[in-house]
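> Position one of the sequence shown corresponds to residue 76 (the working numbering), numbered consecutively onward. Glycine residues also receive a C-beta, built at the ideal position from the N, C-alpha and C atoms. Being a predicted model, the structure only gives us computed values, none of them experimental.
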Amino acid sequence: MINFNVPPYTGKELQYIEQCVRAQKICGDGQFTKKCNSWLENKTGTKKALLTTSCTHATELAALLVDVKPGDEVITTPITFAASANCALYCGARPVFADINDKTYNIDPEKVKEATTEKTKAVVAVDFTGQSVELDALMAHCKKHNLVLIEDGAHVIGTKYKGQPNGSIADMTTFSFHPVKTVTGGEGGAVMTNNEEYYQKLLLARSHGITRDTAFMEEEPHGGWYYEQVSLGYNYRMTDIQAGLLVSQLDKLPMFSERRKEIVAKYNEAFLQIPEIQVQEEIPESDTTRHLYILRIKPDRLKINRREFFDALAAENIMCNVHYIPTYYFPHYQRLGYEKGICPKAEKLYDEMMSLPLYYGMTDQDAEDVITAVKKIVDYYKK
């Protein structure tokens, strides 16, 4: 059986975790959280990195930071994990869904323009599958309308846009270190920004609104123990144990990235020759470290639908997944008044796509087995 995903193992995870425990500093702001911050800043060219408990919390903090509030609107894509839209709901604002480009599957900048109103406060643009969104067009639009661009980069670490690492371009970029991602800390996330004012506010919001920095205090310190809560915040700090695991992964990111590119190239070479299926197109500006590989069937050329194709692959011991169910399909969003039909290209993609296995530990033979299974099913069910 070929699993959908297997987290990479570098050989140093246990060593770093043991170092963390022996140092008796297992909460946040230990040696490994500092190393992670430095790595993220240095390798992406971003001025400030802030580790969090998850990408969900990172995106929520980003939305709170720019004062998204009731009555505001936040534009995002429906083809994403629910957290990309939920960040608006956490603030009492309304998510607005803009349709995708049906070739790249990323949010369409033209649809973002159409969705923008006087109530729009921010755009949450998701680098779906690890391919960069069209940052130039989105940034130009956001600048013109005084909007904040939050790049939901849960998939994108290792990718470059026009030669510049993603994470260093948008107003804020969030990363995910969930176990299915290219690098993992077991869980965790980060917010990246070049804006010092944003960073200081994020730092406070991540840690209860509490500071020991006298520059932000309203009273003279009572002593060496003194701190102040200067705003209402949250406890969204990554532990040093998680950061130890993450450091071992970050050191290997170039190797992980290269292997994922090799597997994507194998898949593309095979699947581009099969007219019954479609592969995701990439914009030339994106040097992509792919997190997901999307296979899309063409219903007019096959006698089976996506569900039947998915089950047929499982029968061949190829474990797949589907990313994603359009967010507004969920009961919670339906109860908020969202209806199907608002993003037809996204909905059509959902009906036709599945995610194939793609991870660092896949062998060439594993990739060939996936290709063989896909070809077998297509040959059997083609019209």
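#1: Do you know offhand how far ALA442's Cα is from LEU347's?
#2: Which ranges does the alpha helix (DSSP H) cover as unbroken runs of at least 4 residues, wholly within the stretch 218-281, from first to last along the chain?
#3: I'd like the ranges of any beta strand (DSSP E) spanning at least 3 consecutive residues and lying wholly in the stretch 351-403.
#4: Restricting to Cα atoms, I'd like to know which of ALA345, GLU88, ASN396, VAL96 is closest to ILE77.
#5: Can you check whether the CB of HIS230 is closer than 9 Å to the CB of ASP202?
#6: How many angstroms separate the CA atom of PHE252 from the CA atom of LYS110?
#7: Per DSSP, which one or two residues make a beta bridge with PHE331?
#8: Which whole-angstrom value is the C-beta distance of ALA280 and LEU370, which I expect to be below 8 Å?
#9: Which residue wins for smallest C-alpha separation from PRO170, given the options VAL339, LEU136, LYS194, TYR180?
#10: Looking at the secondary structure, which residues open and close the alpha helix (DSSP H) in which VAL149 lies?
#11: If you reduce the DSSP assignment to three classes, tell me which class GLU88 lands in.
#12: May I have a chain-ordered list of the beta strand (DSSP E) segments no shorter than 3 residues that lie completely inside the stretch 114-144?
#13: Of the choices VAL96, GLY228, VAL255, whose alpha-carbon is the least far from that of LEU433?
#14: Which of the three DSSP states, helix, strand or coil, is assigned to PHE79?
#15: I need the DSSP call for THR195, collapsed to helix, strand or coil.
#16: Residues in the same chain with beta-carbon distance under 6 Å from LYS336, minus the five sequence neighbours each way, listed in chain order, please.
#17: Which residues bound the beta strand (DSSP E) around LEU431?
#18: Looking at C-alpha atoms only, which residue of ILE452, THR438, HIS398, GLU427 is the closest neighbour of PRO153?
#19: Span of the beta strand (DSSP E) holding PRO170?
#20: Leaving aside the five residues before and after ASP315 along the sequence, list all residues of the same chain whose C-beta is less than 6 Å from its C-beta, in chain order.
#21: Quick one: is ASP227 buried, meaning 16 or more other Cβ sit within 10 Å of its Cβ, or exposed?
#22: Please state the DSSP three-state secondary structure of ASN176.
#23: Quick one: using the 10 Å Cβ neighbour count with 16 as the cut-off for buried, is ILE66 buried or exposed?
#24: Mapping DSSP to helix, strand and coil, what is GLN304?
#25: Considering only DSSP beta bridges, list what ALA200 is partnered with.
#26: Should PRO83 and PHE250 be called a contact, given that it needs their Cβ atoms to be closer than 9 Å?
#27: Would you check if the distance between the CB atom of ASN392 and the CB atom of ALA345 is smaller than 9 Å?
#28: On a CA-only basis, which of LEU424, VAL223, VAL266 is nearest ASP142? Give me that one, please.
#29: Report all residues from its chain with a CB closer than 7 Å to the CB of LEU125; omit the five preceding and five following residues, and keep chain order.
#30: Is the separation between the beta-carbon of GLU351 and that of ARG382 shorter than 9 Å?
#31: Give the range of the alpha helix (DSSP H) segment to which ALA158 is assigned.
#32: Taking only the alpha-carbon atoms, compute the straight-line gap between THR289 and GLY308 and give it to the nearest angstrom.
The structure says:
#1: 15 Å
#2: 271-281
#3: 352-354, 368-372
#4: ASN396
#5: yes
#6: If you take the alpha carbons of PHE252 and LYS110, they lie about 15 Å apart.
#7: Beta-bridge pairing links PHE331 to no other residue.
#8: So it is not a contact: roughly 40 Å between Cβ atoms.
#9: LYS194
#10: That residue, VAL149, is in no alpha helix (DSSP H); its beta strand (DSSP E) goes 148-151.
#11: helix
#12: 123-127
#13: VAL255
#14: coil
#15: strand
#16: none
#17: 428-431
#18: Of the listed residues, the one whose Cα sits closest to PRO153 is HIS398.
#19: 169-172
#20: Cβ neighbours of ASP315 within its own chain (closer than 6 Å, five residues either side excluded): CYS95, LYS100, ILE101, GLY105, PHE107, THR108.
#21: buried
#22: coil
#23: The structure shown does not extend to residue 66, since the chain spans only 76 to 458, so no value can be given for it.
#24: strand
#25: ALA200 is bridged by DSSP to GLU226.
#26: no
#27: no
#28: VAL223
#29: ALA265, VAL266, TYR274, LEU277, LEU278, ARG281
#30: no
#31: Taken as a continuous stretch (DSSP letters only), the alpha helix (DSSP H) holding ALA158 covers 158-165.
#32: Going by the C-alpha atoms only, they are around 18 Å apart.
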